[in-house]
Amino acid sequence: MTAQIETEDSTFASQGSRSVLVTGAAGFIGFHACKRLLERGDRVVGIDNLNDYYDINLKRARLIQLEGKTNFRFLKLGLEEKEKILDLFKSENFDSVVNLAAQAGVRYSLLNPYSYIDSNIYGFLNVLEACRHHPVKHLVFASSSSVYGLNTQMPFSVHHNVDHPISLYAATKKANELMAHTYSYLYGIPITGLRFFTVYGPWGRPDMALFLFTEAILQGKAIAVFNYGRMLRDFTYIDDVIEGMLRVIDRVPQADPNWKGDSPDAATSCARYKVYNIGNNNPVELMRFIEVLEDCLGKRAEKHFLPIQSGDVPATYADVDDLIKDVGFRPSTPVEDGIRRFVDWYKEYYKV
-19 MTAQIETEDS TFASQGSRSV LVTGAAGFIG FHACKRLLER GDRVVGIDNL
31 NDYYDINLKR ARLIQLEGKT NFRFLKLGLE EKEKILDLFK SENFDSVVNL
81 AAQAGVRYSL LNPYSYIDSN IYGFLNVLEA CRHHPVKHLV FASSSSVYGL
131 NTQMPFSVHH NVDHPISLYA ATKKANELMA HTYSYLYGIP ITGLRFFTVY
181 GPWGRPDMAL FLFTEAILQG KAIAVFNYGR MLRDFTYIDD VIEGMLRVID
231 RVPQADPNWK GDSPDAATSC ARYKVYNIGN NNPVELMRFI EVLEDCLGKR
281 AEKHFLPIQS GDVPATYADV DDLIKDVGFR PSTPVEDGIR RFVDWYKEYY
331 KV
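Once you know that position 239 of the sequence shown is 219 in our numbering, the rest is easy, because the numbers rise by one and skip nothing.
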């Protein structure tokens, strides 16, 4: 069974409260975002280029969960397809846009840098141009905790300067924030950036540690433990990410009347622009993360300890005070619960 892929000129049902475009709809976060938006009654158009960066069958399986819903339509479409993106915006008159499409992965950016420029820079420019020429009430886009780069002051705050990324992936996400601010300032587009912190959970990405570890442990293979296990990550469960995102979508940013150019606040602006961290605000040692996974699987892992990889940072820790203050939400799912839910999904999906 495969998800139905429609052409760009298909009609769209007139039901639901708001019309929302979700880019990267077949991706991990994009799939969950579509699901929740539909559950609350929004009309959703999802687009994705269905590339083979990881198992396309998993992407199609996510889409199967969405197909057949009255208020959902999927288009196989990449952000690089400029004219088709503009035509889509023109025909649909979106209320909100949630841009989650991107070439992901810190380590992969060392191997295939050009794909990051094509997807994350040129593709995002096409989204901004479409919002410029066919105005929307709110553009929300995915940034990343990787933008903090060489920052060591913890927890990472959206009010901190983030000018020292250490991977091309991080640099493209920082560039997205700069591009978004520019378009908000020049054209009055309300835009919010979300810095995600190590998202995990059911239907997750196969290139992420939890998926790789689970697969290897069940197959009796060694797992690669980088930085000799001395990593701290603010692991954030997918449901928390989506709840925070939905609350942010509904809060259209306003210009900060107290913003001053002689002491600029990196999180706000005199434009209608805002940035939030969405993280669990509770970093966990990688070895503890593995220990919880072992308990959930009922099997010990053979560990291959390695030095830290280029582009990786040793620790992440999200300050979520602005998220709490503005939308009244704090991510809080403990890894003990989140990993168990992932393992339950993994065993069911792969018939383990």
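Ideal Cβ placement from N, Cα and C applies to all residues, glycine included.
With H, G and I counted as helix, E and B as strand and the rest as coil, what does DSSP make of residue i?
i        : result
Arg252   : coil
Asp219   : helix
Ser99    : helix
Gly129   : coil
Ile338   : This structure gives no information on residue 338, because the portion of the chain shown stretches from -19 to 332.
Ile171   : strand
Ser137   : coil
Gly(-4)  : Only weak support exists for where Gly(-4) lies, its pLDDT of 42 falling under 50; the value from the coordinates is given anyway. DSSP places Gly(-4) in coil when its eight states are reduced to three.
Gln(-16) : Here the model assigns Gln(-16) a pLDDT of 39, short of 50, so the residue's position is not dependable, and the following value carries that caveat. Note: Gln(-16) maps to coil in three-state DSSP.
Phe177   : coil
Ile288   : coil
Thr(-9)  : With a pLDDT of 35 at Thr(-9), under the threshold of 50, the predicted position of this residue should be treated as unreliable, though the coordinate-derived value follows. It is coil, neither helix nor strand.
Ala110   : helix
Val228   : helix
Leu212   : strand
Leu91    : coil
Along the alpha helix (DSSP H) that carries residue i, what are the first and last residues, could you check?
i      : result
Thr194 : 189 to 198
Thr162 : 148 to 167
Ala41  : 36 to 46
Lys15  : 8 to 19
Gly26  : Not the alpha helix (DSSP H): Gly26 falls in the beta strand (DSSP E), residues 23 to 28.
Phe322 : 315 to 329
Glu60  : No alpha helix (DSSP H) contains Glu60, which DSSP labels as neither H nor E.
Asp269 : Sequence check: residue 269 is Phe here, not Asp. Unbroken alpha helix (DSSP H) run through Phe269: 266 to 277.
Asp301 : 301 to 307
Assuming residue i contacts residue j under a Cβ cut-off of 8 angstroms, what Cβ separation, rounded to an integer in Å, is found between them?
i      : j      : result
Thr296 : Thr178 : 6 angstroms
Asn106 : Lys62  : 5 angstroms
Ile258 : Thr313 : Contact flag wrong, Cβ pair sits at about 12 angstroms.
Arg76  : Lys117 : Checking the sequence, you will find Ser at residue 76 rather than Arg. Rounded, the Cβ-Cβ distance is 6 angstroms, consistent with contact.
Ser123 : Val255 : 7 angstroms
Ala110 : Leu66  : 5 angstroms
His144 : Leu130 : 4 angstroms
Asn79  : Thr3   : 5 angstroms
Leu1   : Phe104 : 14 angstroms between Cβ atoms; not a contact.
Ile229 : Val120 : 5 angstroms
Asp299 : Pro135 : 4 angstroms
Asn100 : Asn31  : Contact doesn't hold; Cβ gap of about 13 angstroms is too wide.
Leu190 : Met159 : Between Met159 and Leu190 the Cβ distance is about 31 angstroms, and since that is not below 8 angstroms, they are no contact.
Just curious, the beta strand (DSSP E) that residue i is in, first and last residue?
i      : result
His284 : 283 to 285
Ser124 : 118 to 124
Leu55  : 52 to 56
Val78  : 76 to 79
Ile203 : 203 to 205
For residue i, which residues in the same chain have their Cβ closer than 8 angstroms to its Cβ, ignoring the five residues on either side in sequence?
i        : result
Ala281   : Phe193, Ala196, Ile197, Ala202, Ile203, Ile270, Leu273, Glu274
Arg252   : Ser164, Gly168, Ile169, Pro170, Ile171, Val232, Pro233, Gln234, Ala235
Arg213   : Phe177, Thr178, Pro263, Val264, Leu266, Phe269, Ala295, Thr296
Tyr34    : Arg185, Pro186, Asp187
Val205   : Leu266, Met267, Ile270, Lys283, His284, Phe285, Leu286
Val323   : Thr194, Leu273, Cys276, Leu277
Thr(-13) : For Thr(-13), the predicted structure reports a pLDDT of 35, less than 50, and the residue's modelled location is therefore unreliable. A value from the coordinates is still provided. Answer for Thr(-13): Leu55, listed in chain order.
Tell me which same chain residues have a C-beta within less than 7 angstroms of the C-beta of residue i, skipping the five on either side of it?
i       : result
Arg321  : Gly181, Pro182
Ser147  : Val86, Ser89, Ser126, Gly291
Tyr102  : Glu60
Ser(-3) : Gly21, Asp22
Ser95   : Gln83
Leu93   : Inspection of the sequence shows that residue 93 is occupied by Pro rather than by Leu. Only Leu148 meet the Cβ criterion.
Asn141  : Ala246
Lys49   : Leu18
Whose C-beta lies closer than 6 angstroms to the C-beta of residue i among residues of the same chain, with five residues either side of it excluded?
i      : result
His12  : Ile218, Ile222
Tyr326 : Thr194
Asn29  : Gly58
Asp220 : Pro311, Thr313
Cys14  : Val2, Ala5, Val24, Gly26, Leu46
Ala365 : No statement about residue 365 is possible, as the shown extent of the chain runs from -19 to 332 and does not include it.
Between residue i and the ligand GDP, is the CB less than 7 angstroms from at least one heavy atom?
i     : result
Leu17 : Annotation note on the ligand GDP: not contained in the displayed structure, which lists no ligands.
Count the C-beta pairs between the segment 238 to 258 and the segment 25 to 40 that are closer than 8 angstroms, then say yes if the count reaches three, no if not.
Put simply, the segment 238 to 258 does not touch the segment 25 to 40. Fewer than three CB pairs are less than 8 angstroms apart.
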